[in-house]
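Note sheet for the following structure.
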Amino acid sequence: MNFEDHSVGVNLSVFAVGALLVWGAGTKLSKYVDLIADRTGLGKAFAGALLLGGATSLPELATTLTASYSGAAELAGTNLLGGVVMQIAVLGLIDALVLRGQPLTLFSPRSSLLMAGIMLIGLVAMASAAVTSGELYSWQGVGVWPIVLFAAYLLSMGVIYRYEGNPRWEPRGQIAQPPESARDLKDAHRDAFQDVSMARLVASFLMASLVVLVGGFLVARTGETISQQTGIGQSIIGATLVALATSLPEVSTTYSAARFGAYSMAAANILGTNSLEIALFLPAELAYREGAIFDAMQPPVSFLGTLGILVTCLYLWGILERRDRTILGMGADSFAVLIVYVCGMAIYWIL
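Okay, structure coming up:
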């Protein structure tokens with residue numbers, strides 16, 4: 008497909024179609040993964056978060072591979088790091104739109120969320136260091152940094168799994184446990200899929216995955232073309248428009264979790280997905296054939312990583328303090344995250 012032959016308006020329309028495909032299929036994909044995990048005995052929180060994070064990261068994988076293969080390394084990198092910042096900001100919006108009057112982090116008293124956040128900070132810091140330093144060593148076009156990041160992601164998943172099974176502390180204070188009993192997403196759609204066979208669930212999962220990949224391809228290719236046609240640049244397009252479109256499955260899943268009262272699941276979904284985004288630098292490196300991908304990125308891209316660390320720290324602060332204080336109907340931490348995101352992207356625009 009040669010999108011360069013089409014006008015900006017046509018490409019924006021195709022971009023919107025791709026985004027809608029990602030949203031619709033991503034929402035169904037999360038339900039299928041949840042049911043498959045439940046039926047196969049992988050119903051633990053860790054397994055659910057891992058499968059759900061992997062499923063909802065398919066758009067990022069599709070856009071990253073497409074952008075990298077076409078030589079748009081900076082679009083791929085800003086999509087991944089920009090997606091981390093974007094999705095933390097999504098938690099702030101959901102806090103404001105769903106809870107309305109009480110902070111989201113007040114209802115997430117799980118120490119495993121803190122561990123997941125700490126692991127995420129470490130991964131984003133390493134990715135930012137890679138962008139700043141460039142590739143240290145590469146062989147056949149494959150650098151060391153992407154391999155290190157992928158290995159660090161696997162290690163972090165192991166740490167979270169061990170810690171979740173044996174947490175070292177329990178929350179205390181005025182509200183030790185959430186006043187509302189959290190409903191898992193499976194409770195909302197269990198009845199609808201009760202008589203559906205396992206084979207049909209797997210087939211539906213594969214079909215939804217294919218739709219997400221197609222939508223992700225359209226988003227990546229048109230996003231790259233729009234950046235060229237408008238002169239805005241791959242960096243800004245990747246950090247905003249493409250990052251938003253590929254985050255739609257996480258938005259829909261997190262919104263549903265919060266609406267049903269599964270507040271810890273909503274936060275865990277975002278943190279787990281963000282960690283996986285850092286690991287996607289390895290497939291991006293394998294698809295990019297013009298050298299090491301970190302050598303093709305400009306130093307300002309690391310600013311997105313810095314923003315990701317900052318907004319993650321703000322939410323970890325909120326989980327630790329768990330204060331029943333709101334600003335404009337949302338938690339003080341969510342309000343701070345949205346302010347940092349808006350100001351940070353404004354600064355990134357002028358870098």
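Residues in the sequence shown are numbered from 8 upward in steps of one, following our numbering.
For every residue, glycine included, the Cβ atom is placed at its ideal position computed from N, Cα and C.
Minimum C-alpha distance to residue i - residue among the options
{"i": "L19", "options": "Q235, L113 and M93", "result": "Q235"}
{"i": "G298", "options": "L68, E67, V17 and A79", "result": "A79"}
{"i": "G223", "options": "F288, L65, I101 and L162", "result": "L65"}
{"i": "V94", "options": "A158, Y144 and L283", "result": "Going by the sequence as given, residue 94 is Gln instead of Val. When each option's Cα is compared against that of Q94, the closest is L283."}
{"i": "V221", "options": "V29, A23 and F10", "result": "V29"}
{"i": "R117", "options": "Y76, Q109, E177 and E81", "result": "E177"}
{"i": "V21", "options": "V308, Y262, T229 and E292", "result": "T229"}
{"i": "V138", "options": "Q109, R329 and L311", "result": "L311"}
{"i": "V91", "options": "I357, W356 and V344", "result": "V344"}
{"i": "L104", "options": "R266, L358 and I326", "result": "R266"}
{"i": "P110", "options": "F342, I357, Y348 and V347", "result": "F342"}
{"i": "E257", "options": "L100, S145 and S75", "result": "L100"}
{"i": "E11", "options": "G338, T237, Y348 and S145", "result": "T237"}
{"i": "A136", "options": "I326, A74, S309 and V218", "result": "S309"}
{"i": "R329", "options": "M352, V17 and T112", "result": "T112"}
{"i": "P290", "options": "G336, V17 and I154", "result": "I154"}
For residue i, the three-state DSSP class (helix, strand or coil)
{"i": "M93", "result": "helix"}
{"i": "M379", "result": "Missing from the structure shown is residue 379; the chain here goes from 8 to 358 and no further."}
{"i": "M304", "result": "coil"}
{"i": "G61", "result": "helix"}
{"i": "E11", "result": "helix"}
{"i": "G338", "result": "strand"}
{"i": "T34", "result": "helix"}
{"i": "T333", "result": "strand"}
{"i": "A103", "result": "helix"}
C-alpha gap between residue i and residue j, whole angstroms
{"i": "V131", "j": "T313", "result": "8 Å"}
{"i": "K51", "j": "G25", "result": "No answer about K51 holds up, because its pLDDT of 45 lies below 50 and its placement is not dependable."}
{"i": "Q184", "j": "F114", "result": "Caution applies to Q184, whose pLDDT of 47 falls short of 50 and renders its modelled position unreliable; the value that the coordinates give is listed next. Their backbone Cα atoms lie some 7 Å apart in a straight line."}
{"i": "L317", "j": "H13", "result": "39 Å"}
{"i": "S140", "j": "K35", "result": "40 Å"}
{"i": "K38", "j": "G31", "result": "12 Å"}
{"i": "I354", "j": "V15", "result": "26 Å"}
{"i": "L98", "j": "A274", "result": "7 Å"}
{"i": "T261", "j": "G279", "result": "12 Å"}
{"i": "I300", "j": "P306", "result": "13 Å"}
{"i": "A69", "j": "L106", "result": "33 Å"}
{"i": "A195", "j": "I357", "result": "Caution applies to A195, whose pLDDT of 49 falls short of 50 and renders its modelled position unreliable; the value that the coordinates give is listed next. Straight-line Cα distance between these residues: approximately 45 Å."}
{"i": "L213", "j": "R332", "result": "43 Å"}
{"i": "L120", "j": "L293", "result": "31 Å"}
{"i": "M205", "j": "A215", "result": "15 Å"}
Whole-Å CB distance - residue i paired with residue j, under 8 Å assumed
{"i": "G84", "j": "M304", "result": "5 Å"}
{"i": "Y160", "j": "M122", "result": "Their Cβ separation, rounded to whole angstroms, is 14 Å, which puts Y160 and M122 out of contact at 8 Å."}
{"i": "C320", "j": "I128", "result": "7 Å"}
{"i": "W152", "j": "L162", "result": "Actually they are not in contact, since the Cβ atoms of W152 and L162 sit about 15 Å apart, beyond 8 Å."}
{"i": "A286", "j": "L156", "result": "6 Å"}
{"i": "E67", "j": "L87", "result": "7 Å"}
Proximity test, residue i beta-carbon vs the ligand MG heavy atom, cut-off 7 Å
{"i": "I239", "result": "The ligand MG is not part of the structure shown, which contains no ligands of any sort."}
Contiguous beta strand (DSSP E) assignments of at least 3 residues, all confined to the stretch 111-174
none
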